[in-house]
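**Q** One structure, as structure tokens, below. Some questions next.
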Amino acid sequence: MGAGAAPWWSPPDLTRLPVIAEMVAGETGVPLGVTTPIVGTGVGSISTGTPFVHPRLFQPYDPQELLGITPRVVLTHLASARVVAAVATRLGHTLDGERTRTAMAWVKGRAYRTGRAVVEDGAFADYLDGLTQGAGEDTR
């Protein structure tokens, strides 16, 4: 094996890495964190601003292509209007500019009220149902 020899017989299948990492986390009792490099629970998630508009500028690799992790948009206390509108669309709602701003304020307020940065899709969908029917008030 000389200097030009390949380090393995076939290229590694990195899509297996997240599954292996989860197995190791389960066996050791040490959970994967959001910011765990390469295989963390936040890999492939986008929640605000420029990463949402231009994800390739902020991702060193394509998580779908390299690891088989489908990118997802997550609502957080940092959500921009574009993110709020995109998640609303994914949930079957079309928001105009005013309702997007109202929904964005609700998302940020909910995150702070609950002490959790991520707002679950179900809670947001319930809110949107009321908003698009004219209620727009948070009753929770």
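Numbering (numbering that gives the first Met the number 0) for the sequence shown: 0 to 139. No residue lacks a Cβ here, since even glycine has one placed at the ideal position from N, Cα and C.
1) Shortest alpha-carbon distance to residue 71 belongs to which of 80, 93, 40?
2) From the DSSP output, in three-state form, read off residue 88 for me.
3) Just to confirm before moving on: does the CB-CB distance between residue 94 and residue 131 stay below 9 Å?
4) Using three-state DSSP, classify residue 66 as helix, strand or coil.
5) What residue does the alpha helix (DSSP H) around residue 123 start on, and which one ends it?
6) How far does the alpha helix (DSSP H) with residue 102 in it reach, from first residue to last?
7) Please check the pair residue 37 and residue 16, which I expect to be a contact at CB under 8 Å, by giving their CB distance rounded to whole angstroms.
8) Smallest Cα separation from residue 52: which of 8, 81, 34?
9) Mapping the DSSP letters down to three states, classify residue 74 as helix, strand or coil.
**A** According to the structure data:
1) Reading the sequence shown from its first residue, position 72 is the one you call residue 71. The shortest Cα separation from residue 71 among 80, 93, 40 belongs to 40.
2) Numbered from 1 along the sequence shown, position 89 holds the residue referred to as residue 88. Helix at residue 88.
3) The count along the sequence shown starts at 1 and reaches residue 94 at position 95. The count along the sequence shown starts at 1 and reaches residue 131 at position 132. Closer than 9 Å, so yes.
4) For this step, residue 66 is matched to residue 67 along the sequence shown. Looking at residue 66 - three-state DSSP - the assignment turns out to be helix.
5) One-based indexing of the sequence shown puts residue 123 at position 124. That run of the alpha helix (DSSP H) goes 120-131.
6) Position 103 of the sequence shown, counting from 1, holds the residue named residue 102. Its alpha helix (DSSP H) spans residues 96-113.
7) In the sequence shown, counting from the first residue as 1, residue 37 sits at position 38. In the sequence shown, counting from the first residue as 1, residue 16 sits at position 17. At roughly 7 Å, the Cβ-Cβ gap stays under 8 Å, so residue 37 and residue 16 are in contact.
8) Your numbering for residue 52 matches position 53 in the sequence shown. It is 81 whose Cα lies nearest to the Cα of residue 52.
9) Taking the sequence shown and counting its residues from 1, one reaches residue 74 at position 75. Reduced to three states, the DSSP call for residue 74 is strand.
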